[in-house]
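Right, one structure below, let's go through it.
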Amino acid sequence: MPIEDVLLDLKHKIEKNLPAGVTITDVEFEGPQLVLYTEEPRKFADDGNIIRNLAKELRTRIAMRPDPRVLATPEDSISIIEEVVPKESVISSYYFDPDSGEVIIEAEKPGLVIGKHGATLREITKQIGWIPKVVRTPPIKSRTVKNIREFMRNNLKERKEILKTVGRKIHRECTSKDQWVRVTALGGCKEVGRSCFLLSTPESRILIDCGVNVGSDENMTPYLYVPEVFPLNQIDAVIVTHAHLDHQGLVPLLFKYGYEGPVYCTPPTRDLMVLLQLDYIDVAAKEGKKIPYESGMVAKTLKHTIPLDYEEVTDIAPDIKLTFHNAGHILGSAISHFHIGDGLHNVVFTGDYKYEKTRLFDPAVNKFPRVETVISEATYGNSNAFQPALKDAEKHLQMVVKNTVERGGIALIPAFAVGRSQEVMIVLEESIRKGLIPEVPVYLDGMIWEATAIHATHPEYLNNDLRKLIFQKGQNPFLSECFKPVDSHETRQKIIQNPHPCVILSTSGMMNGGPVMDYFRTFAEDPRNTLVFVGYQADGTVGRRIQKGWKEIPMTGKNGSTEILKMNMEVQVVDGFSGHSDRRQLMEYIKRMQPRPERVFTEHGDEKACVDLASSVYKKLKIETRALTNLETVRLL
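Under this note's numbering, the residues of the sequence shown are numbered 1029 to 1665, in order.
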């Protein structure tokens, strides 16, 4: 059936289910949702059940758009909104889009603009006709969030056309009578880096992640040239599980070589993805390496990105529905549940996950309506890969920092900008507030402050304790006065030239570049200082060499020559802050999964870890298992 006939049929079904006196003028697909156009937005606002009932009846996401002719002027609308919305919400800006009939309201307390069960939003629509969309005013100014919001506003017309094209492709008619499901491993199997998989059926092809292995020149990219993937413009959707480069660093490359479809991820992943992609190509250019894509491809990716919240069931292809669930790994990280066909098969891609409550996140979700196949990470899949309890790790960190600053030293912590830095920040803030460590400045260098600003913009993705602290008690630990952003080379030089007891949290996490190396060069020879590792150090990195006990570290000097740096500062490794599940948690995650899966495939770990975890799952849980190998295709059904 042609898509126009599908829309006409849907319009007739909707009109039959509308209450008496409520009318629509048109219907259209925009991305995964069906949009209804009406000259009576106030009637829809009067009865919030109209849209809910239609969505339930048609089993699809539905949105409503008002006809531009029935909208109040922006000036009158602002006056009315400010009468309806409590002043405590602190509205900072408005943006009116006549094409969509939406008014974007930016407020410090979005919940007050939304109202209980959306009551205030409905009241706004009743009075002005516009459909209000609420976003949070970032409590910490973020260049990334500001630029993304401006970019999306400036490209609304083009984005609407993109969504229309995507929507018509999603809701096309299924044509094949065959029923099968296959997974092709394109990267990240029996290795860490360049994660990429293809989920395919007779109707659809879905790419899950497209990462880059920044630590390898030879095995840097996924196998995107194989026949299963080409041509790229025939892929229905790209799913990004989270923002780390080994899972999304090459998504813009897909657009460079012909992909024109949607990219699905959570809202925080979208913001962090842009930040890390731009930094990736900037660092590559500064190091004289060939960059895989230009910044224009990052912008194009952003235009095609469709953010989805946790628990939203969304059509992404004629025969596939996607639902994101919390993965507990980093901000916005998602376990992806694919419902294929009409109950035909259910696949869960875990991405990277943490099956334990941390300072930032709730434990990874492992309860689903249905699941037959699980594809799980195995970073710490080895039988002896156990991490200390988080409380023990926190006490260890407190002791190290306390001892260092009390002897007049500096605690230098190399950290990844996203995830580990914010976890450590929460611990340091509480420790200083409670007097467990002396009151010293905590300097944040590299991308850490910008990544923290994005965390502060999306507090709804943090765990229950943090949300209560922020929303109910008005205490945001990220805004503590102990944190001092290092926002320029000059600020960094002042710290280096005037050393004083403090904590320095700086990128890069493995000491393979970044501002942490400037501090290390200066502070390495003083035994009062401590180098504190809180994250994984890969072979070949400076961090790994130091962990192995090297006392003389070769460094590249200003003129390009090699200099030897004497290592006198104390070295401490504080395990337990990892965003990955350890061996015990990996096993518990599968063991406690509901319902129990029929098969488990392992990936994202070295060969021994992947094989060891697969073997143990089979022996102890009696579930069919296999450690996937790059370039193999496995039939699931």
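Idealized CB from N, CA, C, for every residue including glycine.
Between the C-alpha atoms of residue i and residue j, what's the straight-line distance to the nearest angstrom?
i, j, result
"C1510", "M1325", "38 Å"
"Y1285", "L1260", "7 Å"
"E1689", "Y1564", "This structure gives no information on residue 1689, because the portion of the chain shown stretches from 1029 to 1665."
"P1295", "A1327", "16 Å"
"G1604", "K1430", "19 Å"
"F1548", "L1440", "8 Å"
"R1171", "L1425", "31 Å"
"V1671", "V1393", "Because the chain in this structure spans residues 1029 to 1665, residue 1671 falls outside the shown range and cannot be described."
"V1570", "V1446", "20 Å"
"H1486", "V1118", "17 Å"
"I1190", "H1270", "23 Å"
"I1078", "I1109", "23 Å"
"F1389", "M1539", "26 Å"
"V1050", "K1174", "38 Å"
"I1168", "D1493", "20 Å"
"S1536", "H1367", "38 Å"
"T1590", "T1584", "5 Å"
"S1411", "P1397", "30 Å"
"P1582", "R1573", "10 Å"
"D1554", "V1560", "14 Å"
"K1636", "E1660", "18 Å"
"H1275", "S1223", "5 Å"
"A1413", "D1610", "6 Å"
"E1067", "K1084", "23 Å"
"P1250", "L1304", "18 Å"
"Y1617", "V1452", "25 Å"
"T1088", "A1552", "59 Å"
"F1506", "K1331", "30 Å"
"G1463", "Y1489", "29 Å"
"V1531", "V1562", "14 Å"
Please check the pair residue i and residue j, which I expect to be a contact at CB under 8 Å, by giving their CB distance rounded to whole angstroms.
i, j, result
"V1399", "P1623", "6 Å"
"G1409", "L1614", "6 Å"
"T1407", "H1608", "4 Å"
"L1278", "C1238", "5 Å"
"M1133", "D1299", "Note on identity: in this sequence residue 1133 is Ile, with Met being the wrong assignment. With a Cβ gap of about 19 Å, I1133 and D1299 do not count as contacting."
"T1148", "V1112", "6 Å"
"K1579", "M1595", "5 Å"
DSSP on residue i, reduced to helix/strand/coil?
i, result
"Q1415", "coil"
"Y1564", "coil"
"E1405", "strand"
"T1432", "helix"
"A1484", "helix"
"R1233", "strand"
"H1199", "coil"
"P1505", "helix"
"N1045", "helix"
"R1164", "strand"
"F1396", "coil"
"V1662", "strand"
"Y1287", "coil"
"A1147", "helix"
"L1593", "strand"
"M1583", "strand"
"F1389", "coil"
"G1221", "coil"
"P1543", "coil"
"L1214", "strand"
"T1569", "coil"
"A1552", "coil"
"T1558", "strand"
"L1227", "strand"
"P1513", "strand"
query: Are at least three pairs of beta-carbons, each pair with one atom in the segment 1126 to 1140 and one in the segment 1082 to 1096, less than 8 Å apart?
result: yes
- request: List in chain order: all unbroken beta strand (DSSP E) runs of 3+ residues lying wholly within the segment 1596 to 1658.
  value: Qualifying beta strand (DSSP E) stretches, in chain order: 1598 to 1601, 1627 to 1631, 1652 to 1655.
Start-end ranges of the alpha helix (DSSP H) lying completely within the segment 1047 to 1115, minimum 4 residues: 1069 to 1074, 1077 to 1086, 1102 to 1112
message: At 4 residues or longer, what runs of the alpha helix (DSSP H) sit wholly inside the segment 1247 to 1285?
response: 1273 to 1276, 1279 to 1284
- prompt: Quick one: any contact between the segment 1288 to 1306 and the segment 1330 to 1338, if contact means 3 or more CB pairs under 8 Å?
  reply: yes
task: Jot down the residue ranges of each uninterrupted beta strand (DSSP E) in the segment 1434 to 1475, minimum 3 residues, whole runs only, in chain order.
output: Within the segment 1434 to 1475, the complete beta strand (DSSP E) runs of at least 3 residues are 1438 to 1442, 1470 to 1473.
- prompt: Taking one C-beta from the segment 1462 to 1481 and one from the segment 1501 to 1521 each time, how about it: are there three or more such pairs within less than 8 Å?
  reply: With a cut-off of 8 Å, the segment 1501 to 1521 and the segment 1462 to 1481 count as touching, because enough Cβ pairs lie within range.
message: Taking contact to mean 3 or more Cβ pairs, one atom from each stretch, closer than 8 Å, check whether the segment 1218 to 1225 and the segment 1624 to 1633 are in contact.
response: yes
field: Three CB pairs or more closer than 8 Å across the segment 1222 to 1242 and the segment 1337 to 1347
entry: With the cut-off at 8 Å, the segment 1222 to 1242 and the segment 1337 to 1347 touch.
- prompt: Do the segment 1304 to 1323 and the segment 1457 to 1468 meet, that is, are 3 or more Cβ pairs less than 8 Å apart?
  reply: no
task: Could you tell me whether the segment 1371 to 1378 touches the segment 1199 to 1216, where touching means 3 or more Cβ pairs closer than 8 Å?
output: Contact between the segment 1371 to 1378 and the segment 1199 to 1216 is present: 3 or more CB-CB pairs across the two stretches fall below 8 Å.
Contiguous beta strand (DSSP E) assignments of at least 3 residues, all confined to the segment 1293 to 1377: 1333 to 1335, 1342 to 1345, 1348 to 1354, 1362 to 1368, 1373 to 1377
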